[in-house]
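S.K.: Mind having a look at this structure? Questions to follow.
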Amino acid sequence: MTSTENVHQHEIHKFGSQAEHWWDPDGDFMTLHAVNPLRLQFIHAYTEVEGKRIVDVGCGGGILSEGLARLGADVLGIDLGEELLDIADLHGIESGTKVNYRKISVEALAEEQAASFDVVTCMEMLEHVPNPLSVVKACAKLVKPGGKVFFSTLNRHPKAYLLAIVAAEHVLRMIPKGTHDYNTFIKPSELGRWAREAGLDLLGMEGVSYHPLTRQFSLGRDMDVNYMASFARTEA
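Just so you know, the sequence shown maps onto residues 1 to 236 in the working numbering.
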């Protein structure tokens, strides 16, 4: 498999066709808006971002990218969805938030700019590619020795099927139907093993829980559904 092949074209089309709704906080991607403060909180717990060079892998329409840029980071957002990058660029102009965006795979960028970034973020993306291990290795290659890498994804656990697919997609309609495929979910042990193979040391993992009564997300010990993980590249 070449770097340009590590993509499901139907995934690119699925999210690209919904690009115009990306920045609607009450629309199809409201969960990304709701969870973004937690993502920033988790990242900030392990590293300062001000003045850091950060690449946001699978940036979509730029929600996390803009959040990091507003905190003073020099951000490059990469994605293979052209429609999403167009929306990200447009919103950056409207919001006055400077983020650079490129249509390039993480594997190709890793070949081009190895060990060039202080921080790498790859949030809610691993479960959408054919070869997530390839993405993990590329993220590890992109970060400088001692730099930080952050992932968030969904656990292949029955509770995740019930809450992230049945409840979120079909009952509560928090996200569009067909957003997730349970078979692509990733256990924390799998992510941890891939990271070790790539030369990354685990710093911490936390679960992300949704509270339907308050309609808010929180971080905690329960990693049965969503979870975030922080790693550091082994020092040279």
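Heads up, the beta-carbon is just placed ideally off N, CA and C, and yes, glycines get one too.
(1) Name the two residues that bound the continuous alpha helix (DSSP H) containing Y46.
(2) With C-beta atoms as the reference, is P130 less than 8 Å away from I186?
(3) Let me check understanding here. Comparing Cα to Cα, which of K177, M223, G147 lies closest to L191?
(4) Label T214 either buried or exposed according to how many other C-beta atoms from any shown protein chain fall within 10 Å of its C-beta, with 16 as the threshold for buried.
(5) Identify every run of the beta strand (DSSP E) within the region 112 to 180, keeping only runs that are complete inside it and at least 3 residues long; order them along the chain.
(6) On the criterion of 16 or more Cβ atoms from any shown chain inside 10 Å, does A45 qualify as buried, or is it exposed?
(7) On a CA-only basis, which of P37, I104, I165, S218 is nearest L85? Give me that one, please.
(8) Measure the CB-CB distance between G77 and G62 and report whether it falls below 8 Å.
(9) Strictly by DSSP, which residues pair up with M228?
(10) N226 to I93, Cα distance in whole Å?
(11) Does DSSP put R215 in a helix, a strand or coil?
(12) Compute the Euclidean distance between the alpha carbons of L258 and G220, then round it to the nearest angstrom.
(13) Can you give, in chain order, each stretch of the beta strand (DSSP E) that sits fully within the region 58 to 92 and has at least 3 residues?
(14) DSSP on R6, reduced to helix/strand/coil?
(15) So is K98 buried or exposed if we call it buried at 16+ other beta carbons inside 10 Å?
(16) Is the Cβ-Cβ distance between V136 and R233 less than 8 Å?
(17) So which of A73, L40, L200 has the shortest CA-CA distance to I54?
(18) Go through its chain and collect everything with a Cβ distance to M1's Cβ below 8 Å, but skip five positions before and after it.
(19) Indicate whether T121 and V57 have their beta-carbon atoms separated by less than 8 Å.
(20) Closest to K177 by CA distance: which of N183, T184, I165, P188 is it?
(21) To the nearest angstrom, how far is it from the Cα of D24 to the Cα of P158?
(22) Where does G220 sit, in a helix, a strand or coil, going by DSSP?
(23) How is the alpha helix (DSSP H) around G192 delimited, first residue to last?
M.R.: Checking against the coordinates, here is how it stands:
(1) Reading the sequence shown from its first residue, position 46 is the one you call residue 46. Run containing Y46: 30 to 46, per the alpha helix (DSSP H) assignment.
(2) Numbered from 1 along the sequence shown, position 130 holds the residue referred to as residue 130. Numbered from 1 along the sequence shown, position 186 holds the residue referred to as residue 186. Taking 8 Å as the Cβ cut-off, P130 and I186 do not qualify as a contacting pair.
(3) For this step, residue 191 is matched to residue 191 along the sequence shown. Looking at the Cα atoms, M223 is the closest of the given residues.
(4) To locate residue 214, count along the sequence shown from 1; it is residue 214. Per the 10 Å Cβ criterion, exposed.
(5) 117 to 123, 143 to 154
(6) Residue 45 sits at position 45 when you count from the first residue of the sequence shown. That one is exposed.
(7) Taking the first residue of the sequence shown as position 1, residue 85 is located at position 85. Nearest C-alpha to L85: I104.
(8) One-based indexing of the sequence shown puts residue 77 at position 77. One-based indexing of the sequence shown puts residue 62 at position 62. Cβ distance < 8 Å, so G77 and G62 count as in contact.
(9) By 1-based counting over the sequence shown, the position of residue 228 is 228. M228 is bridged to S152, E206.
(10) Here the question's residue 226 lines up with position 226 in the sequence shown. Here the question's residue 93 lines up with position 93 in the sequence shown. Rounded to the nearest angstrom, the two C-alpha atoms are 32 Å apart.
(11) Walking along the sequence shown from the start, residue 215 turns up at place 215. The answer is coil: DSSP assigns R215 none of H, G, I, E or B.
(12) The chain is shown only over 1 to 236; residue 258 falls outside these bounds and no answer can be derived.
(13) 74 to 79
(14) Against the sequence shown, residue 6 aligns to sequence position 6. The question names Arg, yet the displayed sequence has Asn at residue 6. The answer is coil: DSSP assigns N6 none of H, G, I, E or B.
(15) Sequence index remark: in the sequence shown, residue 98 carries index 98 (1-based). Looking at its Cβ environment, which holds fewer than 16 other Cβ atoms inside 10 Å, K98 is exposed.
(16) Taking the first residue of the sequence shown as 1, we reach residue 136 at position 136. Taking the first residue of the sequence shown as 1, we reach residue 233 at position 233. Contact: no.
(17) Numbered from 1 along the sequence shown, position 54 holds the residue referred to as residue 54. When each option's Cα is compared against that of I54, the closest is A73.
(18) Counted from its first residue, the sequence shown places residue 1 at position 1. Below a pLDDT of 50, predicted positions are generally treated as unreliable, and M1, at 37, falls in that range; the measurement from the model is reported next regardless. Contacts found: P130, N131, S134.
(19) Taking the first residue of the sequence shown as 1, we reach residue 121 at position 121. Taking the first residue of the sequence shown as 1, we reach residue 57 at position 57. A contact, by the Cβ cut-off of 8 Å.
(20) As a position in the sequence shown, residue 177 is number 177, starting the count at 1. Nearest option by C-alpha distance: I165.
(21) Position 24 of the sequence shown holds residue 24. Position 158 of the sequence shown holds residue 158. Going from the Cα of D24 to the Cα of P158 covers about 30 Å.
(22) As a working mapping, residue 220 is identified with position 220 in the sequence shown. Three-state DSSP puts G220 in a strand.
(23) Locating residue 192 in the sequence shown gives position 192, counting from the first residue. 188 to 197 is the span of the alpha helix (DSSP H), which, as asked, contains G192.
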